[in-house]
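Going by our numbering, the sequence shown runs without a break in its numbering and finishes at 997.
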Amino acid sequence: MDIISIKTAAKEKFQGACRLCPVCNGIVCAGEVPGMGGLGTGAAFRHNVEALADCRLNLRTIHSVKNPDMSCRIFGLELTLPIIAAAIGGIAMNMKGALTEEEYDTAIVSGCRKAGTIGMTGDGPNPAVFSTGMVAIGKEQGWGIPIIKPRETDKIVELAKQVAAAGCPAFGIDIDAAALVNMTNAGQPVGPKTIQELEYIKNHTTIPFIVKGIMTPDDAEACWQAGVDAIVVSNHGGRALDYTPGTAEVLPYIAEAVKGKMTVLVDGGIRSGADVLKMLALGADAVLLGRPLAIAAVGGGADGVEFMINKYRAELSAAMTLTGTAQTNDVPVEILW
661 MDIISIKTAA KEKFQGACRL CPVCNGIVCA GEVPGMGGLG TGAAFRHNVE ALADCRLNLR
721 TIHSVKNPDM SCRIFGLELT LPIIAAAIGG IAMNMKGALT EEEYDTAIVS GCRKAGTIGM
781 TGDGPNPAVF STGMVAIGKE QGWGIPIIKP RETDKIVELA KQVAAAGCPA FGIDIDAAAL
841 VNMTNAGQPV GPKTIQELEY IKNHTTIPFI VKGIMTPDDA EACWQAGVDA IVVSNHGGRA
901 LDYTPGTAEV LPYIAEAVKG KMTVLVDGGI RSGADVLKML ALGADAVLLG RPLAIAAVGG
961 GADGVEFMIN KYRAELSAAM TLTGTAQTND VPVEILW
């Protein structure tokens with residue numbers, strides 16, 4: 661298996677849902693929601709990629725770092741590198757049925773485990789989206805993190821209790837899906853949450869609670885006040901609100917506000933191991949990968965996901981060696997130009 665064969669197979673199965681552009685920057689697929697693109701003009705998607713591209717690394721080779729430590733501890737889990745698969749649901753709608761929901765979730769969850777990390781699964785207006793993810797996680801003895809839409813508070817608690825009973829190490833809500841019309845139209849309303857509602861969820865669940873979709877320091881502080889265990893700095897891959905800044909632009913300000921108080925994760929436009937290192941230098945504890953692992957899952961199943969993560973692993977190792985970065989849990993901002 662190689663990257664060319666994975667991309668060739670994925671392009672055929674996507675049937676135009678993703679063109680596998682040489683640079684995955686949201687230009688060609690702008691406005692394709694449902695689909696793999698960014699909302700509206702696609703500006704938020706583009707800003708994610710551009711913000712990371714504007715971050716430059718200082719090349720340093722006079723040092724003693726020969727075997728960088730890429731291991732990462734998150735939610736009590738020992739991961740071999742600071743990369744987690746982002747939750748993606750609605751495969752039939754967004755990927756033109758390139759895989760079934762079950763095939764996709766299995767590829768992500770099992771592929772991540774084979775690579776020594778963990779994958780997230782999604783939720784949607786069809787209850788099968790959530791339950792299929794739970795089935796895939798069950799096959800791996802609870803090794804996965806389900807992400808729930810920002811439903812009514814009691815429904816989130818109900819689903820989170822199912823997640824805990826399945827042995828999962830954490831659960832989350834993608835609060836940046838608060839305006840999803842298809843959820844409300846299906847009789848499953850979603851919306852923003854108050855600090856009190858987040859606190860209620862935390863107090864009525866037993867495993868670490870993640871809130872994905874944080875783009876400002878004050879929202880991050882609100883999560884901390886509510887007792888949330890982790891946040892994901894994310895604009896939903898540019899699919900929730902047009903014209904937001906890139907996640908790499910806002911991450912340093914959010915990290916300054918809450919780093920050390922809670923786990924800080926980030927996604928958005930990460931296309932290489934070097935991009936992973938940039939996000940760590942900007943203040944993240946680990947990153948989430950979405951579209952690159954979607955391509956890997958469609959083009960190569962679980963083996964494709966494992967291959968892609970190992971590709972990022974090799975790139976991250978090289979970037980750490982060439983910047984003198986010894987370990988991923990202590991990446992100095994000074995490696996950035």
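Glycine is no exception: its CB is placed at the ideal position from the N, C-alpha and C atoms.
Source: prediction; values computed, not measured.
8 Å Cβ shell around Leu-719 - same chain, five flanking residues per side excluded: Leu-982, Thr-983
Please name the residue, chosen from Ala-838, Ala-826, Phe-735, that lies closest to Gly-784 on a Cα-to-Cα basis. Ala-838
In the DSSP assignment, what are the bridge partners of Arg-733? Glu-738
Helix, strand or coil, according to DSSP, for Leu-949 in the structure here? strand
Classify Pro-682: buried if its beta carbon has 16 or more other beta carbons within 10 angstroms, exposed otherwise. exposed
Measure the C-alpha to C-alpha separation of Thr-904 and Arg-706 and round it to an integer number of angstroms. 10 Å
Would you kindly report the start and end of the unbroken alpha helix (DSSP H) that includes Gly-943? No alpha helix (DSSP H) contains Gly-943, which DSSP labels as neither H nor E.
Give the secondary structure of Leu-925 by DSSP, where H, G and I count as helix, E and B as strand, and everything else as coil. strand
Length at least 4, wholly inside the stretch 798 to 869: the alpha helix (DSSP H) runs in chain order: 813 to 825, 841 to 845, 855 to 863
Cβ-Cβ distance between Ala-747 and Ile-663 below 9 Å: no
Take the Cβ of Pro-868 as the centre, count every other Cβ of all protein chains shown within 10 Å, and call the residue buried at 16 or more, exposed below. buried
Taking 9 Å as the cut-off, decide whether the C-beta atoms of Asn-685 and Gly-929 are in contact. yes
Skipping 5 residues on each side, what residues in its chain have a beta carbon closer than 6 Å to that of Lys-673? Ala-758, Val-958
Pairs of beta-carbons, one from the stretch 762 to 782 and one from the stretch 811 to 818, closer than 8 Å: are there three or more? no
How would you call Ile-744, buried or exposed, if buried means at least 16 neighbouring beta carbons within 10 angstroms? buried
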